[in-house]
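Asker:
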Amino acid sequence: MRAVVQRVKNASVEVDGEVVSGFEGQGLLVLLGVAVDDGHAEAAAVASKIAHLRILDDEKSVVSAQAPVILVSNFTLYGDVRKGRRPSWSKAARPEAAVDLYEEVAATLRGFGLDVGTGVFGAEMDIQLTNDGPVTLIIDSAELAL
């Protein structure tokens with residue numbers, strides 16, 4: 006599982022001209038990709054890491070600051086561009102498997118008491134944000150102690 010975590014001053018997600026998630030004020034926008042071999046352990050570890058990263062003002066986490074999070078599915082995080090000019094998506098989980106783990110990450114974040122907005126899984130989304138810092142980190146479950 007891969008997550009691109011951005012500290013933002015505001016963010017919103019729009020689908021078909023309708024805002025489906027958004028917030029004003031400091032929080033996190035997280036793009037989440039699910040790999041073919043991911044499971045519950047990866048979902049729990051990534052969610053916990055997102056919730057407890059001390060990257061907000063005064064070295065607070067979103068849990069300690071009770072800051073909002075928007076979680077957006079993004080299978081392209083597993084695009085392999087090593088060969089040719091067309092990315093391979095063979096490492097990205099199939100949608101029917103990925104959606105359950107994506108929803109599990111969102112539910113785990115909510116279990117920490119967080120306000121978690123989401124995009125619409127599989128939809129074309131327009132994402133607007135004001136990056137804060139910029140602070141952008143990549144979390145890869147393959148590099149975490151599970």
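Here the sequence shown is numbered in the working numbering, starting from 6 and rising by one per residue.
No residue lacks a Cβ here, since even glycine has one placed at the ideal position from N, Cα and C.
1) Starting from K54, follow the alpha helix (DSSP H) in both directions and report where the run begins and ends.
2) Name the one or two DSSP bridge partners that G32 has.
3) For N136 and D42, what's the separation of their Cα atoms in angstroms?
4) Expressed to the nearest angstrom, what Euclidean distance is found between the alpha-carbon atoms of A56 and A103?
5) Could you say which of S53, G38 and L76 lies nearest to D85 if we only look at CA atoms?
6) So the candidates are V24, R99, P100 and F80; which of them puts its Cα closest to the Cα of P92?
7) With DSSP as the reference, identify every bridge partner of A8, one or two as the case may be.
8) I need the straight-line Cα distance from V18 to V10, nearest angstrom please.
9) Whose C-beta lies closer than 7 Å to the C-beta of V125 among residues of the same chain, with five residues either side of it excluded?
10) Please state whether the Cβ-Cβ distance between G118 and V68 is less than 9 Å.
11) Considering Cα atoms alone, identify which of L34, I143 and G22 is closest to N15.
Answerer: According to the structure shown:
1) Taken as a continuous stretch (DSSP letters only), the alpha helix (DSSP H) holding K54 covers H45 to H57.
2) In the DSSP secondary-structure assignment, G32 is bridged to V13.
3) Each residue's alpha carbon lies about 31 Å from the other.
4) When rounded, the distance between both Cα atoms is 20 Å.
5) Closest option to D85, Cα to Cα, is G38.
6) The residue with the shortest Cα to Cα distance from P92 is F80.
7) Answer is L37 and I144.
8) If I take the Cα positions, the gap works out to 15 Å.
9) Around V125, the same chain offers V20 and V25 as residues with beta carbons nearer than 7 Å, after the five sequence neighbours per side are excluded.
10) Result yes, Cβ atoms of G118 and V68 sit closer than 9 Å.
11) Of the listed residues, the one whose Cα sits closest to N15 is L34.
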